[in-house]
Amino acid sequence: MEYYASHPLTSRTMDLSSARSHIDTLFQEQEFEQKVIGTELIRWMQLTITLIVVLFLLIFCINLSMPYEIAIIPLILYDLFLLVQIIMQRKNQSSLTFLKRNIKEIAEHLGNLIFKFGVIIYLSYRDTSFLLISTPIFVTTAIRWIFKPKYSVECQAFSAIIRLIVRTLKLLAILSIGLKLDHSVSWSWITTFWPVWLGSSILAIVGLGMVLLLISSVCSFISGQGSYIDIVSSSWLLSVTWASSLSLFYFFYFLGLSLDEGDWSQMIAPNIVVILVLILLVILTKTCFQSLKIWWQDFFSNQDEDINHMPGAVHDINSPSQTVTEQIISILKKPPKFLVRVSNTYYKPCDEAKVTPTTPRHKKSKSEMVGRNQIPAETVETEPKYTNVSMVDASIHQSVDFSSNSTQKVCMICCSEEPNAVIMDCGHGGLCYSCSIELWKVQKCCHICRREISQVLEISKARSKILNVVSVTGVVYEDNSDE
């Protein structure tokens, strides 16, 4: 029993053992990326749960006439929890190495703790300047702006940029509130919360984009070119952006009214509504957790970038001279990968009427039926055989604009051949034909999205402005046992 194809692997210079090693390394990297993405999602859920507890305590403080300082305690415990987590990561590192790697995070959490204790003192005595006790926040935010950390996974840089935006808006809100409390301005509280309105507006604008993203995901799924993961993740993004925007506006609007009118009873209903919304977001995130990890990993995939990818290499997301604006542009300039896959500039589904399949050989008929586009588990009597089907109509192509950097593209696995294969049905690429076939044999699933591989399209390497699909490789099963 032998593997055969119109382009046999023996004619390739690729070392198959090396290819298998690179494939295993690639999957290990992807597992690490999914673990990091999961950690980031958990951190955001932990913050959301902390805010839920704060709002619960605020309701009790209003109804039972308790000191409002009690509601700040969960925020203090949250910073202490994060600080302990960082310290526990020290393991066998020396004190100097540990401080160099974590000094910014440690300084930030210590600054937050000092500020929150200062707020408790201010609410208890009100005999000091609010801007003075806010100094630790200003210092730590400046440190985070000046010293940009390096990340091995792009999702960490993306999450850090979101936190930096939130941190900046929080800093502006503290500054505005400080000016109000120190009687430096005569604004109403509704006006004082202008940074909150700015943040809510930004989220609303992003939410409009998420509506288009969800519509695109649904259309792609209906046309058979997308997956349910795209719909689930798009729905999650839409829910998070709109729920956050409306909750911010609703809560702080009534908070401003309560402060202006001195009637805290108006805050009970907004607190309950926001608590319910946050609980639903946590439940939704937990339910879609695995799908979100896969989708975000696909979103941050660098396989289509014009760079040489070395398996196992750690990429520096933030160069020393890169500004925050450049970081945002470098991460968000790429559209979601599934939008690229379903567009006409990537690939077009092959017309089966224009394909002349190779008839499989059978030495003995078996009762086991092999479904189309399926690869069942290998047995002693049955072994997959990969066949290549040439395209009859050479007009099956798409208009693609090759840039001058396209000559620098190399296969993500062997790092020597030029990528000339597209994995179906997901449409991912970045591999040469040999490595795509080897990936099919070894892993039987896509190296990016883990979807099952049904066939591999071989793309012409000819330099032109069209992307020509020259052949399609499928799989058949042949029984070589004798009666």
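Heads up: the sequence shown is residues 1 to 483, going by the UniProt record's numbering. Note that beta-carbon positions come from the ideal geometry of N, C-alpha and C, so glycine has one too. All values reported here derive from a predicted model rather than from experimental measurement.
Sorting 209, 85, 31 and 450 by C-alpha distance to the C-alpha of residue 242 places 209 at the top.
A residue is called buried when at least 16 other Cβ atoms come within 10 angstroms of its Cβ; residue 78 meets this threshold and is buried. Straight-line measurement puts the Cα of residue 426 at about 7 Å from the Cα of residue 451. Secondary structure note for residue 458: its beta strand (DSSP E) is the uninterrupted segment 455 to 459.
In this structure, residue 270 lies near residue 254, with their beta-carbon atoms less than 7 Å apart. At a Cβ-Cβ threshold of 7 Å, residue 444 and residue 34 do not count as neighbours. Residue 245 has its alpha-carbon roughly 16 Å from the corresponding atom of residue 282. The secondary-structure analysis by DSSP pairs residue 452 across a beta bridge with 445. Taking residue 32 as reference, the option from 468, 228 and 448 with the minimal CA-CA separation is 448.
Judged by their CB atoms, residue 114 and residue 136 are nearer to each other than the 7 Å cut-off.
At the C-beta level, residue 83 and residue 109 come within 7 Å of one another. Boundaries of the beta strand (DSSP E) around residue 421: 421 to 424.
If you check the CB distance, residue 167 and residue 192 do not come in under 7 Å.
For residue 63, DSSP assigns no beta-bridge partner whatsoever. Annotation: the continuous alpha helix (DSSP H) that includes residue 101 extends over 95 to 125. A check of alpha carbon separations from residue 86 across 72, 106 and 71 identifies 106 as the nearest. Around residue 431, the same chain offers 411, 412, 413, 419, 421, 423, 439 and 447 as residues with beta carbons nearer than 8 Å, after the five sequence neighbours per side are excluded.
Taking C-beta atoms as the reference points, residue 178 and residue 134 count as a pair closer than 7 Å.
Counting only residues of its own chain and dropping the five nearest sequence neighbours on each side, residue 249 has a CB closer than 8 Å to the CB of 196, 197 and 200. With respect to the 7 Å criterion, residue 455 and residue 470 are not classified as neighbours on the basis of their beta carbons. Comparing alpha-carbon positions, the option among 434, 429 and 60 lying closest to residue 298 turns out to be 429.
For residue 285, DSSP records no beta bridge to any residue. Look at residue 218 here: in three-state DSSP terms it is helix. Here residue 256 carries a helix assignment [DSSP, helix/strand/coil]. With contact defined as three or more Cβ pairs closer than 8 Å, the stretch 116 to 123 and the stretch 65 to 72 are in contact.
The straight-line gap separating the alpha-carbon atoms of residue 172 and residue 158 is approximately 21 Å. Looking at the DSSP output, residue 431 sits in a beta bridge with 421. Between residue 189 and the set 174, 256, 207 and 183, the nearest pair of CA atoms involves 256. The alpha-carbon separation between residue 97 and residue 104 amounts to approximately 13 Å. Residue 233 is positioned such that its CB atom lies closer than 7 Å to that of residue 295.
Note on geometry: alpha-carbon atoms of residue 128 and residue 238 lie some 43 Å from one another. In the displayed model, residue 38 falls within a helix according to three-state DSSP. CA-CA distance, residue 81 to residue 263, rounds to 34 Å. Residue state for residue 291 is assigned as helix, using DSSP reduced to three classes.
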